[in-house]
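This report refers to the structure that appears directly beneath it.
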Amino acid sequence: MSTLPKILAILGPTAVGKSDCAVELALYFNGEVISADSRQVYKGLDIGTGKITEEEMKGVPHYLLDVVSPKEQFTVADWKKDSLKAINTITERGRHPIVCGGTGLYIQSVVDNISFPEVLPNKPLREKLEKKTPDELSRLLSSLDPERAKMIDHNNPRRLIRAIEIATEMGYVPRITAEPLFGTLQIGLTLPREELKERIHLRLYKRMNGGLVEEVQRLHKNGLSYARMIELGLEYRYLALYLQKEMSREEMLGKLETEIYRYAKRQETWFKRDKRIHWFSPSENEEIEKTVMKFLEKGKR
Numbered sequence: 141m142s143t144l145p146k147i148l149a150i151l152g153p154t155a156v157g158k159s160d161c162a163v164e165l166a167l168y169f170n171g172e173v174i175s176a177d178s179r180q181v182y183k184g185l186d187i188g189t190g191k192i193t194e195e196e197m198k199g200v201p202h203y204l205l206d207v208v209s210p211k212e213q214f215t216v217a218d219w220k221k222d223s224l225k226a227i228n229t230i231t232e233r234g235r236h237p238i239v240c241g242g243t244g245l246y247i248q249s250v251v252d253n254i255s256f257p258e259v260l261p262n263k264p265l266r267e268k269l270e271k272k273t274p275d276e277l278s279r280l281l282s283s284l285d286p287e288r289a290k291m292i293d294h295n296n297p298r299r300l301i302r303a304i305e306i307a308t309e310m311g312y313v314p315r316i317t318a319e320p321l322f323g324t325l326q327i328g329l330t331l332p333r334e335e336l337k338e339r340i341h342l343r344l345y346k347r348m349n350g351g352l353v354e355e356v357q358r359l360h361k362n363g364l365s366y367a368r369m370i371e372l373g374l375e376y377r378y379l380a381l382y383l384q385k386e387m388s389r390e391e392m393l394g395k396l397e398t399e400i401y402r403y404a405k406r407q408e409t410w411f412k413r414d415k416r417i418h419w420f421s422p423s424e425n426e427e428i429e430k431t432v433m434k435f436l437e438k439g440k441r
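Written out as structure tokens, the structure is:
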């Protein structure tokens with residue numbers, strides 16, 4: 141009986157400390173990291189997405205960062221295809237793949253080997269939906285596919301429209317599950333709500349002082365439209381509105397902080413449904429290492 145190749149997944153809400161944990165585990169267990177973040181795949185979206193720096197990587201190779209231009213679309217199917225290539229590359233080098241991020245659907249696509257059927261664009265439907273507000277689109281998706289509505293970014297009209305398009309065609313947004321490709325240990329990082337909220341607050345102001353406004357201005361100067369930034373969500377959405385003078389700096393910061401926290405709660409809701417995840421505080425380094433060691437040693441003779 142053959143044993144499935146093993147991968148680790150480090151997951152949890154934004155600002156909880158996933159990247160640092162993944163790097164430390166990679167250093168300890170001879171691993172390499174695959175980013176599972178739906179915005180860090182885009183070139184130039186660095187400060188706003190909290191993309192790990194070369195210094196923070198501590199020499200650990202990272203994959204699925206800076207893959208495509210932010211003017212392009214990059215789907216979960218694209219991510220799964222590229223992540224499987226990265227996993228193969230890492231294992232061929234005799235190292236351990238560590239998938240790290242907060243985009244639950246990306247992680248699940250590899251952990252449970254799921255894929256989505258191709259549904260061609262429905263132009264008349266899209267034109268009709270594009271006239272609706274995000275709130276109207278959210279309510280429509282909730283009526284068509286409550287499960288998909290629970291995990292989607294409700295401030296992203298493009299994703300809402302695509303989900304509605306698929307649900308209209310298929311009756312819901314289906315997930316096709318095949319036999320698993322890997323044995324996976326999922327490590328979830330969690331913090332008390334108030335501590336996470338404080339981390340989000342401090343990180344936002346650190347990014348603002350660290351050149352986030354200038355990053356968004358540079359992206360726009362290089363041809364990234366404000367409309368596309370709004371689609372990309374969170375920091376890019378609200379900075380785009382601020383730079384177009386549609387809200388004050390104070391309004392932008394207040395609204396952005398609230399939306400980041402709501403996003404973190406949606407991430408937690410998504411991950412908490414998976415009872416296979418082993419949850420730890422980011423400070424429980426020894427306990428995490430013991431759990432990983434036990435997983436990697438299991439099945440060895």
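Going by this note's numbering, the sequence shown opens with residue 141, and the numbers climb by one from there. Quick reminder that beta carbons are idealized off the backbone N, C-alpha and C, glycines included.
Q: Compute the distance between the beta-carbons of F169 and L148, then report whether it is under 9 Å.
A: Counting from 1 along the sequence shown, the entry for residue 169 is found at position 29. Counting from 1 along the sequence shown, the entry for residue 148 is found at position 8. Yes.
Q) Using a C-beta cutoff of 9 Å, does I150 count as contacting chain B? A) Among the chains of the structure shown, chain B does not appear; only one protein chain is present.
Q: State the Cα-Cα distance for the pair P237 and P422, rounded to the nearest angstrom.
A: Position 97 of the sequence shown, counting from 1, holds the residue named residue 237. Position 282 of the sequence shown, counting from 1, holds the residue named residue 422. Whole-angstrom Cα-Cα distance: 20 Å.
Q.
Suppose the cutoff is 8 Å on Cβ atoms and the five residues either side in sequence are ignored; what does the same chain contact list for M392 look like?
A. Within the sequence shown, the letter at position 252 stands for residue 392. Excluding sequence neighbours, M392 sits near Y378, L379, L381 and Y382.
Q: Mind the definition here: the stretch 270-277 touches the stretch 182-194 only if three or more C-beta pairs lie below 8 Å; say whether that holds.
A: no
Q. Looking only at DSSP bridge pairs, what is E270 linked to?
A. For the purposes of this step, residue 270 is identified with residue 130 of the sequence shown, where counting begins at 1. For E270, which the question treats as bridged, DSSP gives no partner whatsoever.
(Q) Excluding the 5 residues flanking H202 on each side, which residues of the same chain have their C-beta closer than 7 Å to its C-beta? (A) Translated into the one-based positions of the sequence shown, residue 202 becomes position 62. The answer, listed in chain order, is V173, S175 and I192.
Q. Grouping DSSP H, G and I as helix and E and B as strand, with all else coil, what is M237?
A. For the purposes of this step, residue 237 is taken as the residue at position 97 of the sequence shown. Sequence check: residue 237 is Pro here, not Met. Reduced to three states, the DSSP call for P237 is strand.
Q.
At the level of alpha carbons, what is the spacing between S278 and E371?
A. Taking the sequence shown and counting its residues from 1, the one referred to as residue 278 is at position 138. Taking the sequence shown and counting its residues from 1, the one referred to as residue 371 is at position 231. For S278 and E371, the distance between alpha carbons rounds to 15 Å.
(Q) Can you tell me whether L325 is helix, strand or coil according to DSSP? (A) As a first step, residue 325 is located in the sequence shown; it is residue number 185 there, counting from the start. Three-state DSSP puts L325 in a strand.
Q) Considering only residues of the stretch 363-420, which uninterrupted alpha helix (DSSP H) runs meet the minimum length of 4 residues and lie entirely inside it, listed in chain order? A) 366-372, 374-383 and 389-412
Q. Using the rule of at least 16 other Cβ atoms within 10 Å of the residue's Cβ for burial, across every protein chain shown, is Y345 buried or exposed?
A. Along the sequence shown, read from residue 1 onward, the residue named residue 345 stands at position 205. Answer is exposed; the Cβ neighbour count stays below 16.
Q. Taking Cβ positions, are V216 and L260 nearer each other than 9 Å?
A. Within the sequence shown, the letter at position 76 stands for residue 216. Within the sequence shown, the letter at position 120 stands for residue 260. Contact: no.
Q | Which of helix, strand or coil DSSP assigns to S278 | A | To locate residue 278, count along the sequence shown from 1; it is residue 138. Three-state DSSP puts S278 in a helix.
Q.
Measuring straight from C-alpha to C-alpha, what distance separates V200 and V163?
A. Position 60 of the sequence shown, counted from the start, is the residue given in the question as residue 200. Position 23 of the sequence shown, counted from the start, is the residue given in the question as residue 163. Distance between the alpha carbons of V200 and V163 is about 7 Å.
(Q) Using DSSP's beta-bridge definition, name the partner residues of Y168. (A) Indexing the sequence shown from 1 puts residue 168 at position 28. Answer is none; Y168 lacks a bridge partner.
Q: For the beta strand (DSSP E) holding A176, just list the boundary residues, first then last.
A: Taking the sequence shown and counting its residues from 1, the one referred to as residue 176 is at position 36. Here A176 belongs to no beta strand (DSSP E), and DSSP marks it neither H nor E.
Q: Indicate the three-state DSSP secondary structure (helix, strand or coil) for K211 in the structure shown.
A: The residue given as residue 211 occupies position 71 in the sequence shown. Correct three-state label for K211: coil.
Q | Endpoints, alpha helix (DSSP H) assigned at G318 | A | Residue 318 sits at position 178 when you count from the first residue of the sequence shown. As written in the sequence, residue 318 is Ala, which differs from the Gly given in the question. Note, A318: premise wrong, no alpha helix (DSSP H); not H, not E.
**Q.** V432 to D206 span [Cα, whole Å]
**A.** The residue given as residue 432 occupies position 292 in the sequence shown. The residue given as residue 206 occupies position 66 in the sequence shown. The straight-line gap from Cα to Cα measures roughly 28 Å.
Q. Per DSSP, Y246 is paired with what?
A. Taking the sequence shown and counting its residues from 1, the one referred to as residue 246 is at position 106. BP columns for Y246 are empty, so no partner.
Q: Please name the residue or residues paired with V146 in a DSSP beta bridge.
A: Here residue 146 refers to the residue found at position 6 of the sequence shown. The question names Val, but residue 146 is Lys in the sequence shown. BP columns for K146 point to G323.
Q | L185 (DSSP reduced to helix, strand or coil) | A | Start at 1 with the first residue of the sequence shown, and residue 185 comes out as number 45. DSSP places L185 in coil when its eight states are reduced to three.
Q: Tell me whether H294 sits in a helix, a strand or coil according to DSSP, three-state version.
A: The sequence position of residue 294 within the sequence shown is 154, counting from 1. Coil at H294, not helix or strand.
Q) Which residues bound the alpha helix (DSSP H) around K430? A) As a working mapping, residue 430 is identified with position 290 in the sequence shown. Here the alpha helix (DSSP H) through K430 covers N425 to E437.
Q. Are the Cβ atoms of L242 and D177 separated by less than 9 Å?
A. Within the sequence shown, residue 242 is the residue found at index 102, counting from 1. Within the sequence shown, residue 177 is the residue found at index 37, counting from 1. Contrary to the premise, residue 242 reads as Gly rather than Leu in this sequence. In contact: G242 and D177 (Cβ atoms closer than 9 Å).
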